[in-house]
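Undergrad: One structure follows; several queries about it will come next.
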Amino acid sequence: MAEGDTILRLARRFESTLLGETVAASAPNPRGKAARIERLDGQTLEAVESHGKHLLLGFGELSLHCHLGMSGGWHFYRPRSRWRRPRSSAWAVLSNEEWEAVQFGGPTLQVGPTARVRRNPQWTRLGPDILAADFDPEAVIPALRADPTRGLGDALLDQHLVAGIGNIFKSEACFAARVDPWRAVGDVSDEELGKVLIAAREQMLSAVELGTRHNFQIYKRRQSVCPSCRGPVSSRGQGDANRTTYWCPRCQG
Ligand SMILES: [Zn+2]
992 MAEGDTILRL ARRFESTLLG ETVAASAPNP RGKAARIERL DGQTLEAVES
1042 HGKHLLLGFG ELSLHCHLGM SGGWHFYRPR SRWRRPRSSA WAVLSNEEWE
1092 AVQFGGPTLQ VGPTARVRRN PQWTRLGPDI LAADFDPEAV IPALRADPTR
1142 GLGDALLDQH LVAGIGNIFK SEACFAARVD PWRAVGDVSD EELGKVLIAA
1192 REQMLSAVEL GTRHNFQIYK RRQSVCPSCR GPVSSRGQGD ANRTTYWCPR
1242 CQG
């Protein structure tokens, strides 16, 4: 699942492969044609920007906006190497002589004039990026409490409040900070909210640096034991979207 760490890692991959390069662009799958991917053919990748779960690739007057959701992904291949998925299923292929960046699936893929792409509310309404160099938890805490009755685990997923945390790091960060994700945010102290945000940031930055995620402590450990107290891990759908939250009632009680 693509959370902020996946997207930051992806941005760095673009920086080390295609940034500054003039690319060939194609859209083997009709979904990519609808996204106007082919308009990028012959354009130069001038800027790479990640914010939360969103990626913007800047080609001067044109930009590509991408959100991978639960199922989308970018693969990087050397030319003429074997792809892990059929070519016909690729929505976008951006390539030079050394690399092919291939995109499959996801809720958002669109090429448009840069000014319009940057005005898209999907981009402008994002909260502060939890992985930004200047991320300040203090600045996010009042927003997280805007609806004081909302459950912490649900509020952490609201990309308008803080951008980048997804379902995995929601559970992992609350466990690391030993805060119950079911508590109403109005009842969670500033110190506890700060701990949760810092834990999420550190876990995700670590995943970016390692190039892979750590073994999860609590996520998808249903019917398993808590690595700290050996008690049972609980899980239940939370919030309007009913996203499963994992927690240890003993350690996070
Ligand atoms: Zn426990």
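Okay, so the sequence shown: first residue is 992 according to the numbering used here, each after it adds one. Note that CB positions come from ideal geometry on N, CA and C, so glycine has one too.
Closer than 8 Å is the cut-off here; do at least three beta carbon pairs connect the stretch 1035-1043 with the stretch 1116-1123?
TA: Yes, the stretch 1035-1043 touches the stretch 1116-1123.
Undergrad: In chain order, what residues of the same chain have a beta carbon less than 7 Å from the beta carbon of Val1014, not counting five sequence neighbours either side?
TA: Cβ within range, chain order: Leu1031, Gln1034, Leu1036, Leu1085, Ser1086 and Asn1087.
Undergrad: In the DSSP assignment, what residue or residues form a beta bridge with Trp1238?
TA: Ser1225.
Undergrad: Rounding to the nearest angstrom, what Cα-Cα distance links Phe1160 and Ser1079 in this structure?
TA: So the two alpha carbons sit approximately 33 Å from each other.
Undergrad: Considering Phe1005, what are the terminal residues of the alpha helix (DSSP H) in which it resides?
TA: Element bounds for Phe1005: Gly995 to Thr1008.
Undergrad: Measuring only from the beta carbon, is Arg1073 closer than 7 Å to any heavy atom that is part of ligand 1?
TA: No, ligand 1 has no heavy atom inside 7 Å of this Cβ.
Undergrad: Which partner residues of Thr1099 appear in the DSSP bridge assignment?
TA: Answer is His1058, bridged to Thr1099.
Undergrad: Return the CA-CA distance between Ala1191 and Leu1100, expressed in angstroms with no decimal places.
TA: Rounded to whole angstroms, Ala1191 to Leu1100 spans 27 Å at the Cα level.
Undergrad: If you draw a straight line from the alpha carbon of Arg1174 to that of Gly1049, how long is it in whole angstroms?
TA: Taking the straight line joining both Cα atoms gives about 41 Å.
Undergrad: In the DSSP output, which residue or residues are listed as bridge partners for Gln1091?
TA: Correcting the residue type first, residue 1091 is Glu in the shown sequence and not Gln. In the DSSP output, where bridge partners are listed per residue, Glu1091 has Tyr1068 and Ser1086.
Undergrad: To the nearest angstrom, report how far apart Ala1167 and Val1187 are at their CA atoms.
TA: Their backbone Cα atoms lie some 7 Å apart in a straight line.
Undergrad: Compare the C-beta of Ala1154 with all C-beta atoms of chain C and state if any pair is closer than 8 Å.
TA: Protein chain content of the structure displayed is limited to a single chain, and chain C is not contained in it.
Undergrad: Report yes or no: do the stretch 1215-1223 and the stretch 1132-1144 share at least 3 C-beta pairs separated by less than 8 Å?
TA: No, the stretch 1215-1223 does not touch the stretch 1132-1144.
Undergrad: Looking only at C-alpha atoms, which of Ala1198, Val1170, Ala1106 and Ser1225 sits nearest to Arg1003?
TA: Ranking the options by Cα distance to Arg1003, first place goes to Ala1198.
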